[in-house]
Amino acid sequence: MHNPFILRAAPGLPFAVLACLSVMPALALAFDGARLLQVMVLSLSAWLWLGWPLHNGRARTMQALAAGGIGIAFLLDATVRVFILRTYGATPDSTIVTTALANTSRAEAAEFMLAYWPGVLQGAAMLLISTALLGTLLWRWRKVTDRPMHVSHWRRIAFFVLLLLLLVALTIKPSRKHHPFVFWPSLAQQVADTRARWHGAHQHTALLKQRAAAQEPTLTPSSPDTLVLVISDSINRHHLSLYGYARPTTPKLAARQAQESHSFKVFRHPWSADASTVFALNNFFHFGEPANPQRDHLLALAGAAGYKTWWISNHDDLAVDLQHAQLADSRHMLNHIPGRSTTSLDHAVLPELEMALNDTHRRKLIVVHLLGAHPHYRLRHPPEHAPFRNVQDAVDHDLKSRGRSARTRELRNDYDSAIHFHDRIADHTLELTRRLGGNAGWIFLSDHGQEVGGVRNHTGHSTTSPDGYRIPLLAWGPVAHRIPDELQHVLIRSDWLGHSITRLLGITWKSYRPERDFLDSRYRWSPPPHPIRVDYLS
Numbered sequence: 025m026h027n028p029f030i031l032r033a034a035p036g037l038p039f040a041v042l043a044c045l046s047v048m049p050a051l052a053l054a055f056d057g058a059r060l061l062q063v064m065v066l067s068l069s070a071w072l073w074l075g076w077p078l079h080n081g082r083a084r085t086m087q088a089l090a091a092g093g094i095g096i097a098f099l100l101d102a103t104v105r106v107f108i109l110r111t112y113g114a115t116p117d118s119t120i121v122t123t124a125l126a127n128t129s130r131a132e133a134a135e136f137m138l139a140y141w142p143g144v145l146q147g148a149a150m151l152l153i154s155t156a157l158l159g160t161l162l163w164r165w166r167k168v169t170d171r172p173m174h175v176s177h178w179r180r181i182a183f184f185v186l187l188l189l190l191l192v193a194l195t196i197k198p199s200r201k202h203h204p205f206v207f208w209p210s211l212a213q214q215v216a217d218t219r220a221r222w223h224g225a226h227q228h229t230a231l232l233k234q235r236a237a238a239q240e241p242t243l244t245p246s247s248p249d250t251l252v253l254v255i256s257d258s259i260n261r262h263h264l265s266l267y268g269y270a271r272p273t274t275p276k277l278a279a280r281q282a283q284e285s286h287s288f289k290v291f292r293h294p295w296s297a298d299a300s301t302v303f304a305l306n307n308f309f310h311f312g313e314p315a316n317p318q319r320d321h322l323l324a325l326a327g328a329a330g331y332k333t334w335w336i337s338n339h340d341d342l343a344v345d346l347q348h349a350q351l352a353d354s355r356h357m358l359n360h361i362p363g364r365s366t367t368s369l370d371h372a373v374l375p376e377l378e379m380a381l382n383d384t385h386r387r388k389l390i391v392v393h394l395l396g397a398h399p400h401y402r403l404r405h406p407p408e409h410a411p412f413r414n415v416q417d418a419v420d421h422d423l424k425s426r427g428r429s430a431r432t433r434e435l436r437n438d439y440d441s442a443i444h445f446h447d448r449i450a451d452h453t454l455e456l457t458r459r460l461g462g463n464a465g466w467i468f469l470s471d472h473g474q475e476v477g478g479v480r481n482h483t484g485h486s487t488t489s490p491d492g493y494r495i496p497l498l499a500w501g502p503v504a505h506r507i508p509d510e511l512q513h514v515l516i517r518s519d520w521l522g523h524s525i526t527r528l529l530g531i532t533w534k535s536y537r538p539e540r541d542f543l544d545s546r547y548r549w550s551p552p553p554h555p556i557r558v559d560y561l562s
């Protein structure tokens, strides 16, 4: 018994399949892992045009031209991505590329092409060869006249399954944004927005510095010569063994506390006012008043008081860069791949931190911005560093007993492994600070928390559970030694913490609010404006 699908579709089908495969090598060079699979599915928008060949010559020409146009768009997209990846180690929508595009002219673009002509020539050759191969295969497909096709049951199923996959990929934003027809117009708009924001950002930065000077900040004799402020991402303190978590996720910091209990403080009840990075950092650096037209900024205030400031970051976030990092005297943005799929690990900040610590300026405020345990959790630690992967311990049994899914339990293991690796990085930043000696201090906190199956069957950022706001706060050095032990148990808001930071920096200034400084006897706690009820002593 013959198969009508194979017999009657065979004349054109091989060329259609080969046309599809001819694009895959370029995609494989530009993407990897799950992202490659997403883009391969998106490329079905070209090949499904050929999946139901018509028999009118003009119609078949239109099919081939449509498939070729979409296929070339994917080839061109992949070629540019490969060139940028090899040149900068970045993606086209990274801050380094976006800002370069926003800050260039036609003359500079021409000079860039001349400077990097070998890579440009190699990319052009790859594109030309791939396009020629694709065109040849589509021309052969166009010339083959398929017999009247029997539309078999299985052919219908295969076609609609592929169509469904494509529609799902186009519906989901994280996947859809990588389609060339979506990505490049979006990038062009992003570049235009960056130019507009730069104009406003430069004015904003100048205004913040003017306001800081108007505060007439002065330094006390006990001001530290160096303060390292480490701000991590998505760290829920309930996952730190330092705070009593059942898994040994923070062995190095726990050992540090045991050895140096008088100069290492662990604050038990700190809370973020926000569950996302941009809002949390705006609140923190603007002393809890980001919407106030007369707002101050911690970095600008420290600079006006006499501190040289650094911003060392493993994030690629344009908003954070423009709103905060640009205020620093020295700025180092080390990650050039934005989004959750970046594989840049936090140990990248350590050499820059060491150089900043060795700077000869009398007083230094060094902000270190880490990715921490920002989703995707498995990308926040080296593949070989996964001590909790596939473990079946008390934590896993507890999650099972509370009905958490296998996927949630797997992500919990990945998250805890990320915390374990992060413990090394955090402790190393402290050790570098300790080696400096003198009156140096170290403070660590997270921008916000993370829900990882603690309250419900959910992993990720969360505005509807306390774990989305539950953060750690640690301090070490002379600045911590002067903090009374009993203050480790007070309720603390990260959006008010800037007042306490300026106190530890020895800065006095006009708009200081002692009722928001947990180190002051006039401190008065009030809950952050969370949208849920929270037991703040938990």
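Per the numbering used here: the sequence shown = residues 25 to 562.
The C-beta atom is built at its ideal place from N, Cα and C for all residues, glycine as well.
Exercise. Along the chain, where does the beta strand (DSSP E) that runs through Lys-388 open and close?
Worked result: 388-393
Which runs of the alpha helix (DSSP H), 4 residues or longer, sit entirely within the region 478-508?
502-505
**Prompt:** In whole angstroms, what separates the C-alpha of Gly-143 from that of Ala-114?
**Reply:** 15 Å
Practice task
List the endpoints of the continuous alpha helix (DSSP H) containing Ala-326.
Solution key: 322-329
Residue from Gln-87, Gly-159, Asp-422, Asn-414 with nearest C-alpha to Asn-481
Asp-422
Could you pull the DSSP bridge partners for Val-476 from this structure? Thr-483
Rounded straight-line distance, which links the Cα of Gln-213 to that of Pro-551
39 Å
Could you spell out where the alpha helix (DSSP H) holding Ile-556 opens and where it closes?
Unbroken run through Ile-556: none, as it is neither H nor E.
Specify, as a first and last residue, the run of the beta strand (DSSP E) that Lys-289 falls within. 288-291
Next on the checklist: For Asn-359, count the other beta carbons within 10 Å of its own beta carbon; 16 or more makes it buried, fewer makes it exposed. Which is it?
Outcome noted: buried
For this session: Can you give me the start and stop residues for the alpha helix (DSSP H) that Ser-337 sits inside?
Result: Segment 332-337 is the beta strand (DSSP E) holding Ser-337; no alpha helix (DSSP H) there.
*asked:* For Gly-363 and Thr-432, I'd like the C-alpha separation in whole angstroms.
replied: 21 Å
CB-CB under 7 Å to His-26, same chain, minus the five flanking residues each way: which ones, in chain order? Only weak support is given to the placement of His-26: the predicted model assigns it a pLDDT of 42, under 50, and the question is left unresolved by the model.
Val-558 to Pro-490, Cα distance in whole Å?
6 Å
DSSP state of Val-168 mapped onto helix, strand, coil | coil
- Query: Which residues bound the alpha helix (DSSP H) around His-452?
  - Reply: 430-460
Using a Cβ-Cβ cutoff of less than 7 Å, which residues in the same chain neighbour Val-215 once the five nearest sequence positions on both sides are dropped?
Thr-122, Leu-125, Ala-126
Within the region 513-554, ranges of the beta strand (DSSP E) (whole runs, at least 3 residues) | 515-517
- Message: Need the endpoints of the alpha helix (DSSP H) that Arg-280 sits in, please.
- Response: 275-283
Residues sharing a beta bridge with Phe-468, DSSP
Val-254, Leu-498
Quick check: the Cα distance between Pro-407 and Thr-367, rounded to an integer number of angstroms?
11 Å
* To do: Inspect the beta-carbon positions of Ala-450 and Ala-324 and report whether they are closer than 7 Å.
  => no
Name the two residues that bound the continuous alpha helix (DSSP H) containing His-360. Note, His-360: premise wrong, no alpha helix (DSSP H); not H, not E.
*Could you tell me whether the Cβ atoms of His-505 and His-286 are closer together than 7 Å?*
yes
- Task: Determine the DSSP secondary structure at His-202, reduced to helix, strand or coil.
- Result: coil
Practice prompt. Just the C-alpha distance for Ala-446 and Val-290, rounded to the nearest angstrom, thanks.
Written response: The sequence shown places His at residue 446, rather than the Ala named in the question. Between His-446 and Val-290, the C-alpha separation is close to 17 Å.
**Request:** Could you tell me if Pro-209 is buried or exposed, where buried requires 16 or more neighbouring beta carbons within 10 angstroms of its beta carbon?
**Result:** exposed
What is the DSSP secondary structure of Thr-366, reduced to helix, strand or coil? coil
### the region 260-276 in contact with the region 340-352 per 3-pair CB rule at 8 Å
no
> If you draw a straight line from the C-alpha of Tyr-547 to the C-alpha of Gln-283, how long is it?
Replying inline: 30 Å
Is Thr-244 helix, strand or coil by DSSP? coil
Problem - Straight-line Cα distance separating Glu-539 from Arg-219 - result: 40 Å
Subject >> Gln-300 - DSSP class collapsed to helix/strand/coil >> reply: Sequence check: residue 300 is Ser here, not Gln. Ser-300: coil per DSSP, three-state reduction.
Under the three-state DSSP convention, the category His-19 falls into: Summary: the structure shown does not reach residue 19, with the chain confined to residues 25 through 562, and so no result is reported for it.
Assign Glu-510 to buried or exposed, taking buried as 16 or more other Cβ atoms, counted over all protein chains shown, within 10 Å of its Cβ. exposed
- Give the C-beta separation of Ala-299 and His-472 to the nearest angstrom, bearing in mind that I take them to be a contact with Cβ-Cβ under 8 Å. 5 Å
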